[in-house]
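**Student:** Let me give you the structure first, and then I'll get to my questions.
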Amino acid sequence: MFVPIRWSDFDRYGHLMNANYIELAQEARMQFARDHIFPEFPLFAAYVRHLDIDYSAPIKPEGIRELEIDTWTTKVGNTSFTTHQEIRAPRGPVACEVNCVQVAVDLDSGMPRSLTEREKEILTSMLVED
1 MFVPIRWSDF
11 DRYGHLMNAN
21 YIELAQEARM
31 QFARDHIFPE
41 FPLFAAYVRH
51 LDIDYSAPIK
61 PEGIRELEID
71 TWTTKVGNTS
81 FTTHQEIRAP
91 RGPVACEVNC
101 VQVAVDLDSG
111 MPRSLTEREK
121 EILTSMLVED
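Residues 1 to 130 in the numbering used here are what the sequence shown spells out, letter by letter.
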(Lines of atoms letter the chains of each structure in order from A and count residues from 1; the text may use other names and numbers.)
(Lines give C-alpha, C1' and ligand atoms only; values in the text may rest on other atoms or scores of the structure.)
Protein backbone atom coordinates (compact mmCIF):
# COMPACT_ATOMS: atom_id res chain seq x y z
CA MET A 1 0.00 0.00 0.00
CA PHE A 2 1.04 3.61 -0.39
CA VAL A 3 1.06 6.13 2.47
CA PRO A 4 1.35 9.87 1.73
CA ILE A 5 4.27 11.72 3.28
CA ARG A 6 4.27 15.30 4.57
CA TRP A 7 7.02 17.88 4.47
CA SER A 8 7.06 17.74 8.29
CA ASP A 9 8.11 14.05 8.11
CA PHE A 10 11.63 15.17 7.18
CA ASP A 11 14.39 16.63 9.34
CA ARG A 12 16.66 19.56 8.52
CA TYR A 13 19.13 17.16 6.89
CA GLY A 14 16.53 16.07 4.35
CA HIS A 15 16.00 12.58 5.79
CA LEU A 16 12.75 11.01 6.87
CA MET A 17 12.86 11.34 10.67
CA ASN A 18 13.23 8.03 12.48
CA ALA A 19 10.20 8.60 14.74
CA ASN A 20 7.99 9.24 11.71
CA TYR A 21 8.63 5.75 10.38
CA ILE A 22 6.61 4.56 13.39
CA GLU A 23 3.66 6.81 12.50
CA LEU A 24 3.75 5.80 8.84
CA ALA A 25 3.98 2.10 9.75
CA GLN A 26 0.97 2.56 12.04
CA GLU A 27 -1.01 4.12 9.19
CA ALA A 28 -0.23 1.09 7.04
CA ARG A 29 -1.16 -1.34 9.87
CA MET A 30 -4.49 0.45 10.28
CA GLN A 31 -5.16 0.14 6.54
CA PHE A 32 -4.18 -3.54 6.78
CA ALA A 33 -6.81 -3.97 9.54
CA ARG A 34 -9.42 -1.99 7.58
CA ASP A 35 -8.83 -4.15 4.50
CA HIS A 36 -8.65 -7.56 6.15
CA ILE A 37 -10.08 -7.58 9.69
CA PHE A 38 -12.63 -4.77 10.05
CA PRO A 39 -14.93 -5.95 7.22
CA GLU A 40 -15.95 -8.91 9.44
CA PHE A 41 -14.98 -7.50 12.83
CA PRO A 42 -15.52 -3.71 12.82
CA LEU A 43 -14.91 -3.47 16.59
CA PHE A 44 -11.69 -5.50 16.57
CA ALA A 45 -9.09 -3.90 18.85
CA ALA A 46 -5.45 -4.75 19.40
CA TYR A 47 -2.78 -2.93 21.39
CA VAL A 48 0.86 -2.77 20.40
CA ARG A 49 2.87 -4.92 22.82
CA HIS A 50 6.29 -4.71 21.17
CA LEU A 51 7.77 -2.79 18.26
CA ASP A 52 11.13 -3.59 16.67
CA ILE A 53 12.54 -1.28 13.99
CA ASP A 54 15.59 -1.75 11.79
CA TYR A 55 16.72 1.17 9.63
CA SER A 56 18.86 0.22 6.64
CA ALA A 57 18.86 3.29 4.36
CA PRO A 58 17.68 6.91 4.50
CA ILE A 59 14.65 8.12 2.59
CA LYS A 60 14.92 11.60 1.09
CA PRO A 61 11.98 13.64 -0.21
CA GLU A 62 13.26 14.28 -3.72
CA GLY A 63 10.62 13.26 -6.22
CA ILE A 64 8.38 11.28 -3.85
CA ARG A 65 4.98 12.04 -2.37
CA GLU A 66 4.27 8.70 -0.76
CA LEU A 67 5.99 5.65 0.64
CA GLU A 68 5.34 2.05 -0.26
CA ILE A 69 4.67 -0.03 2.85
CA ASP A 70 4.09 -3.77 2.55
CA THR A 71 2.48 -5.42 5.57
CA TRP A 72 1.93 -9.09 6.31
CA THR A 73 1.51 -11.44 9.25
CA THR A 74 4.48 -13.52 10.44
CA LYS A 75 2.99 -15.19 13.53
CA VAL A 76 -0.48 -15.84 14.93
CA GLY A 77 -0.80 -16.92 18.55
CA ASN A 78 -3.66 -17.38 21.01
CA THR A 79 -3.99 -13.72 22.06
CA SER A 80 -1.47 -11.99 19.82
CA PHE A 81 -0.18 -11.73 16.29
CA THR A 82 2.95 -10.28 14.71
CA THR A 83 3.12 -8.19 11.57
CA HIS A 84 6.20 -7.43 9.49
CA GLN A 85 6.43 -4.28 7.39
CA GLU A 86 8.87 -3.11 4.76
CA ILE A 87 9.03 0.62 4.12
CA ARG A 88 10.57 2.07 0.96
CA ALA A 89 10.33 4.92 -1.49
CA PRO A 90 8.19 3.76 -4.44
CA ARG A 91 10.05 1.03 -6.32
CA GLY A 92 13.11 1.67 -4.15
CA PRO A 93 15.09 -0.62 -1.87
CA VAL A 94 13.81 -1.42 1.62
CA ALA A 95 14.79 1.46 3.91
CA CYS A 96 13.19 0.25 7.13
CA GLU A 97 11.68 -2.96 8.52
CA VAL A 98 9.18 -3.00 11.37
CA ASN A 99 8.05 -6.01 13.41
CA CYS A 100 5.02 -5.35 15.58
CA VAL A 101 3.48 -7.69 18.17
CA GLN A 102 -0.15 -6.80 18.81
CA VAL A 103 -2.43 -8.23 21.49
CA ALA A 104 -6.17 -8.60 20.95
CA VAL A 105 -8.10 -6.62 23.56
CA ASP A 106 -11.62 -6.75 24.95
CA LEU A 107 -12.95 -3.21 24.47
CA ASP A 108 -15.14 -3.33 27.59
CA SER A 109 -12.45 -4.43 30.05
CA GLY A 110 -9.34 -3.25 28.21
CA MET A 111 -7.81 -6.63 29.00
CA PRO A 112 -6.17 -9.08 26.59
CA ARG A 113 -8.48 -11.69 25.11
CA SER A 114 -8.10 -14.76 22.95
CA LEU A 115 -8.35 -14.36 19.21
CA THR A 116 -11.45 -16.07 17.82
CA GLU A 117 -10.96 -18.93 15.39
CA ARG A 118 -12.19 -16.73 12.53
CA GLU A 119 -9.79 -13.92 13.50
CA LYS A 120 -6.95 -16.45 13.55
CA GLU A 121 -8.06 -17.74 10.15
CA ILE A 122 -8.04 -14.23 8.64
CA LEU A 123 -4.62 -13.39 10.12
CA THR A 124 -3.18 -16.75 9.09
CA SER A 125 -4.38 -16.21 5.51
CA MET A 126 -1.85 -13.34 5.28
CA LEU A 127 0.95 -15.28 6.95
CA VAL A 128 4.41 -15.18 5.40
CA GLU A 129 7.02 -17.02 7.42
CA ASP A 130 10.50 -15.54 7.75
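Every residue, glycine too, gets a C-beta built ideally from N, C-alpha and C.
In three-state DSSP terms, what is residue 18?
**Tutor:** Stepping through the sequence shown from its first residue, residue 18 is reached at position 18. Reduced to three states, the DSSP call for residue 18 is helix.
**Student:** Round the Cβ separation of residue 87 and residue 100 to the nearest angstrom and send it over; I've been treating them as touching at under 8 Å.
**Tutor:** For the purposes of this step, residue 87 is taken as residue 87 along the sequence shown, with counting starting at 1. For the purposes of this step, residue 100 is taken as residue 100 along the sequence shown, with counting starting at 1. With a Cβ gap of about 12 Å, residue 87 and residue 100 do not count as contacting.
**Student:** So, are the CB atoms of residue 116 and residue 76 less than 8 Å apart?
**Tutor:** The residue given as residue 116 occupies position 116 in the sequence shown. The residue given as residue 76 occupies position 76 in the sequence shown. Not closer than 8 Å, so no.
**Student:** Rounded to the nearest angstrom, what separates residue 38 and residue 29 at their Cα positions?
**Tutor:** One-based indexing of the sequence shown puts residue 38 at position 38. One-based indexing of the sequence shown puts residue 29 at position 29. C-alpha separation (whole angstroms): 12 Å.
**Student:** With residue 67 and residue 33 assumed to form a contact (beta carbons below 8 Å), what rounded beta-carbon distance in angstroms separates them?
**Tutor:** If you number the sequence shown from 1, residue 67 lands on position 67. If you number the sequence shown from 1, residue 33 lands on position 33. That belief does not hold up - the Cβ atoms of residue 67 and residue 33 are roughly 18 Å apart, past 8 Å.
**Student:** Less than 8 Å separating the beta-carbons of residue 73 and residue 126?
**Tutor:** Within the sequence shown, the letter at position 73 stands for residue 73. Within the sequence shown, the letter at position 126 stands for residue 126. Going by C-beta atoms, residue 73 is nearer than 8 Å to residue 126.
**Student:** How close, in whole Å, do the beta carbons of residue 57 and residue 93 come, if the pair is a contact with beta carbons under 8 Å?
**Tutor:** As a working note, residue 57 is residue 57 in the sequence shown. As a working note, residue 93 is residue 93 in the sequence shown. Correct: roughly 6 Å between the Cβ atoms.
**Student:** Short of 7 Å in beta carbon distance, which residues of its chain neighbour residue 106, apart from the five on each side in sequence? Order them along the chain.
**Tutor:** Start at 1 with the first residue of the sequence shown, and residue 106 comes out as number 106. Here the set comprises 113.
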